[in-house]
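Residue numbers for the sequence shown follow the working numbering, beginning at 1196 and rising by one.
Note that the Cβ used here is the ideal one computed from N, Cα and C, for glycine as well.
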Amino acid sequence: MNIQPFLLERLQSVYENTVEYNLTESGFHPFSLQELLSPTELHDITNTVLGYGQTNGSIPLRETIGQLYNHCTSDNVLVTNGSSEANFVACRSLLKKGDEVVMMIPNYMQIWGIATEMGCQVKAVHLREETNWAPDLEELDQLVTPNTKLIVICNPNNPTGATLTTAEQARIKAIASKNEAWILSDEVYRGAELNGIEIASFYGGYEKVIVIGGLSKAYALPGLRLGWLAGPKDFIENAWSYHDYTSITASVLSHKIGEIVLRGDRRLDILNRNRNMLNANLKELQNWLAAKGDFFYFIPPKAGGMSFIRYNAPGVNSTDLSHWLRIHKDVFIVPGDCYGMDGYFRLGIGERKHFLLAGLERLRSGLEEYI
Ligand SMILES: Cc1ncc(COP(=O)(O)O)c(C=O)c1O
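Laid out in C-alpha cells, this is it:
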C-alpha cells in the first residue's frame, strides 16, 4: 500500500474515545435521535424497512439537497456515506495518474493523500495568516496552468474557520475557467457561520464545479454518515458508477432522517442551535486565551466548530505537546503537525459549554506544567 497516513483521522481514531476531554472535534456536540425527532417521526423511523433504498440517494432527499443550491436538481446530486466518501469518489472519478492538482492549504488533508496516492502532482496554494487567512490568489493565478485538472477548496476552511468572499470565489472561478480546470469545494462546514449569514456556495456559475456537503459538521449528525456531491449531471452519473464500487449506498435510515432535517425550518433550527453554541463558546475561548497574554496568537473563525491557535513556545513540538497533555492531563487537542504547521493546535469549540470550560481548565494546567 502506497498511501500516506492520514495523520489527523488516525490520531483522532486512536485516542478520541478513551480520553476524558476530547477537544479535537471540528463539529458540534451531536444530537441524539430523541432530541432530533418528534415522537411521530421516531415512530416512522422505527417502522422503516431496512432495505437498500435507492443507491444514489432517495429522490426526496436528493431533491431537498438540490434546494440548497441554485439550479440544482436531483440529477445533480449523489448521496454518499459521509462527505469523506464524496471526496474519495470525486477524486477517483475525476483524476488520473500525472494530473496536476492545486489545493488550498491548510486543509483537511484527505484529498491531498488520495491524489498523491493516485500519482497526481499536488501543489499548495496558501491561506495567509497575515491577511486573516485570506487565500493568496496571486499565488493561485501563478500555480494554475492549462495542465491543472483540479483546484481543491475548503470553504469554510478546516482548520482556520476562514470563509471566502463572493469576490474571492469569483476570482477563483475565473482562474479555473481560464485554464479549464475543475473546482472541488468542500463545504461541509457551510451553515455554521458565527454571524448567521450562510456563505455563498461555489455551486453553479461555472460548468466545472463540484460541491461537497454533509450532515457531520454544521448539522451535528456525524453518526448518520450522510454526505453528498453536487455537480454537473454527467459528472454525477460517472461518480455514481464509482460509488457502486465503494459502499453501494448510504443507509436507508440516514436517507430518511436526512430528508427530515434538511427541510425548511427544521434545518434552520438545527443550524441556529449550533451557531448559538459556537458564539457563546467563542467568547469563553477568547477570555481563556487573553488570560495568557501574548502566549497565543489567534484569528477568530468565521464558521465551523473549531479554532486554530498559534502558541509562542519555541522548540515545543505540537505533536509532543498533544501526546503529553493527553497522557498526563486526559485532554486531547489536534497538533498543528497534522496540517504540516507545527507551533499551532486546533481546538474544538462546538461542545457543550460546561464540557469545554472543564477541558480548557485542564489544558491551562497542562500547558503551565509542560511549557
Ligand atoms: C473539510 C472536511 N471534509 C470532510 C470531512 C469528513 O467528514 P464526514 O465524512 O464525517 O462527512 C471532514 C471531517 O473532519 C472535514 O473536516
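Would V1526 and G1554 qualify as a contact pair, given that the criterion is a beta-carbon distance under 8 Å?
Position 331 of the sequence shown, counted from the start, is the residue given in the question as residue 1526. Position 359 of the sequence shown, counted from the start, is the residue given in the question as residue 1554. Yes, they are a contact pair.
From I1306 to F1283, what distance separates their C-alpha atoms?
Position 111 of the sequence shown holds residue 1306. Position 88 of the sequence shown holds residue 1283. Approximately 7 Å, taken between the alpha carbons.
Taking three-plus beta-carbon pairs below 8 Å as touching, is the stretch 1321-1328 in contact with the stretch 1361-1378?
Too few Cβ pairs lie closer than 8 Å, so no.
If you run the structure through DSSP and keep just helix, strand and coil, what is M1501?
The count along the sequence shown starts at 1 and reaches residue 1501 at position 306. In this structure, M1501 counts as strand in the three-state DSSP scheme.
Is I1443 helix, strand or coil when you go by DSSP?
The residue labelled residue 1443 in the question sits at position 248 within the sequence shown. DSSP places I1443 in coil when its eight states are reduced to three.
Which stretch, first to last residue, makes up the alpha helix (DSSP H) that contains M1472?
Your numbering for residue 1472 matches position 277 in the sequence shown. Unbroken alpha helix (DSSP H) run through M1472: 1459-1485.
Look at P1417 and P1225 and say whether their C-beta atoms are less than 8 Å apart.
As a first step, residue 1417 must be located in the sequence shown, where it is residue number 222. As a first step, residue 1225 must be located in the sequence shown, where it is residue number 30. Their beta carbons are under 8 Å apart, which means P1417 touches P1225 by this criterion.
Quick one: grab the DSSP three-state call for G1538.
Indexing the sequence shown from 1 puts residue 1538 at position 343. Reduced to three states, the DSSP call for G1538 is coil.
Would you mind reading off the limits of the alpha helix (DSSP H) that contains W1519?
Within the sequence shown, residue 1519 is the residue found at index 324, counting from 1. First-last of the alpha helix (DSSP H) with W1519: 1513-1524.
Under the rule that 16 or more other beta-carbon atoms within 10 Å means buried, what is T1268, buried or exposed?
Your numbering for residue 1268 matches position 73 in the sequence shown. T1268 is exposed by the Cβ-count criterion.
Can you list, in chain order, the residues of its chain whose CB lies under 6 Å from that of L1203, leaving out five sequence neighbours each side?
Within the sequence shown, the letter at position 8 stands for residue 1203. Excluding residues within five positions, the ones whose Cβ falls inside 6 Å are C1533.
Do you know offhand how far A1281's Cα is from Y1440's?
Mapped onto the sequence shown, residue 1281 falls at position 86. Mapped onto the sequence shown, residue 1440 falls at position 245. In a straight line, the C-alpha of A1281 is about 13 Å away from that of Y1440.
One question on the structure: do S1288 and A1434 come within less than 8 Å of each other, judged by their Cβ atoms?
Stepping through the sequence shown from its first residue, residue 1288 is reached at position 93. Stepping through the sequence shown from its first residue, residue 1434 is reached at position 239. Yes, Cβ-Cβ distance for S1288 and A1434 is below 8 Å.
Would the beta-carbon of A1413 fall within 8 Å of that of Y1384?
Position 218 of the sequence shown, counting from 1, holds the residue named residue 1413. Position 189 of the sequence shown, counting from 1, holds the residue named residue 1384. Taking 8 Å as the Cβ cut-off, A1413 and Y1384 qualify as a contacting pair.
Within a Cβ cutoff of 6 Å, which residues of the same chain sit near E1258, ignoring the five residues on either side of it in sequence?
The residue you call residue 1258 lines up with position 63 of the sequence shown. Counting only Cβ-Cβ distances below 6 Å, and skipping sequence neighbours, we find S1269.
So is I1452 buried or exposed if we call it buried at 16+ other beta carbons inside 10 Å?
Your numbering for residue 1452 matches position 257 in the sequence shown. Under this definition I1452 is a buried residue.
Throw me the rounded Cβ distance for the M1536 and P1341 pair, which I believe falls under 8 Å.
As a position in the sequence shown, residue 1536 is number 341, starting the count at 1. As a position in the sequence shown, residue 1341 is number 146, starting the count at 1. Actually they are not in contact, since the Cβ atoms of M1536 and P1341 sit about 31 Å apart, beyond 8 Å.
Could you pull out every residue in the same chain whose Cβ sits closer than 6 Å to the Cβ of S1278, ignoring the five residues on either side in sequence?
The residue you call residue 1278 lines up with position 83 of the sequence shown. These residues qualify, in order along the chain: V1383, I1407, G1409, G1422.
With a threshold of 7 Å on Cβ separation, who are the neighbours of G1255 within its own chain once the five nearest residues in sequence on each side are excluded?
The residue given as residue 1255 occupies position 60 in the sequence shown. First, the amino acid is wrong: residue 1255 is Pro here, not Gly. Answer for P1255: E1454, listed in chain order.
What separation, rounded to the nearest whole angstrom, lies between the Cα atoms of H1266 and G1400?
As a first step, residue 1266 must be located in the sequence shown, where it is residue number 71. As a first step, residue 1400 must be located in the sequence shown, where it is residue number 205. Rounded to whole angstroms, H1266 to G1400 spans 10 Å at the Cα level.
Taking all protein chains shown into account, do 16 or more other C-beta atoms lie within 10 angstroms of the C-beta of E1388, making it buried, or fewer, making it exposed?
Taking the sequence shown and counting its residues from 1, the one referred to as residue 1388 is at position 193. Buried: at least 16 other Cβ atoms inside 10 Å.
Give the single residue among D1460, A1445, E1563, Y1216 whose Cα lies nearest to the Cα of A1486.
Residue numbering aside, residue 1486 sits at position 291 when the sequence shown is read from its first letter. If we check each option's Cα against that of A1486, E1563 comes out closest.
May I ask whether a heavy atom of ligand 1 can be found less than 7 Å away from the beta carbon of V1570?
In the structure as shown, the chain begins at 1196 and stops at 1566. Residue 1570 is therefore absent and cannot be evaluated.
Can you tell me whether I1431 is buried or exposed, with buried defined as 16 or more other CB within 10 angstroms of its CB?
For the purposes of this step, residue 1431 is taken as the residue at position 236 of the sequence shown. Buried.
Let me know the secondary structure DSSP gives L1424 once reduced to three states.
The residue labelled residue 1424 in the question sits at position 229 within the sequence shown. Strand.
So if DSSP puts M1299 in a beta bridge, which residue, or which two residues, is it bridged to?
Counting from 1 along the sequence shown, the entry for residue 1299 is found at position 104. Beta-bridge pairing links M1299 to V1320.
In terms of residues, what are the limits of the alpha helix (DSSP H) holding D1336?
To locate residue 1336, count along the sequence shown from 1; it is residue 141. Where D1336 is concerned, the enclosing alpha helix (DSSP H) stretches over 1332-1338.
Hey, N1474 and F1490: beta-carbon distance below 8 Å or not?
In the sequence shown, the residue the question calls residue 1474 occupies position 279. In the sequence shown, the residue the question calls residue 1490 occupies position 295. Result no, Cβ atoms of N1474 and F1490 do not sit closer than 8 Å.
Under DSSP, the beta strand (DSSP E) around I1568 begins and ends at which residues?
Residue coverage of the chain in this structure runs from 1196 to 1566, which leaves residue 1568 outside it and unanswerable.
I need the boundaries of the alpha helix (DSSP H) containing V1284, first residue and last residue.
As a position in the sequence shown, residue 1284 is number 89, starting the count at 1. Here the alpha helix (DSSP H) through V1284 covers 1277-1289.
Taking DSSP as the reference, what is the three-state secondary structure of F1397?
The residue you call residue 1397 lines up with position 202 of the sequence shown. Reduced to three states, the DSSP call for F1397 is coil.
Rounded C-beta distance between I1494 and N1327? I'm assuming under 8 Å.
For the purposes of this step, residue 1494 is taken as residue 299 along the sequence shown, with counting starting at 1. For the purposes of this step, residue 1327 is taken as residue 132 along the sequence shown, with counting starting at 1. Their Cβ separation, rounded to whole angstroms, is 5 Å, which keeps I1494 and N1327 in contact under 8 Å.
Could you name the residues whose beta carbon sits closer than 7 Å to any heavy atom belonging to ligand 1, keeping them in chain order?
Qualifying residues come out as S1221, G1277, S1278, S1279, E1280, N1282, Y1303, Q1305, C1349, N1353, D1381, V1383, Y1384, I1407, G1409, S1411, K1412, P1417, R1420, G1422.
Per DSSP, A1329 is paired with what?
Residue numbering aside, residue 1329 sits at position 134 when the sequence shown is read from its first letter. A1329 pairs with R1323.
Taking the beta carbon of L1558 as the centre, do at least 16 other beta carbons fall within 10 Å, making it buried, or is it exposed?
Within the sequence shown, residue 1558 is the residue found at index 363, counting from 1. By the neighbour-count rule (16 or more Cβ atoms within 10 Å), L1558 is buried.
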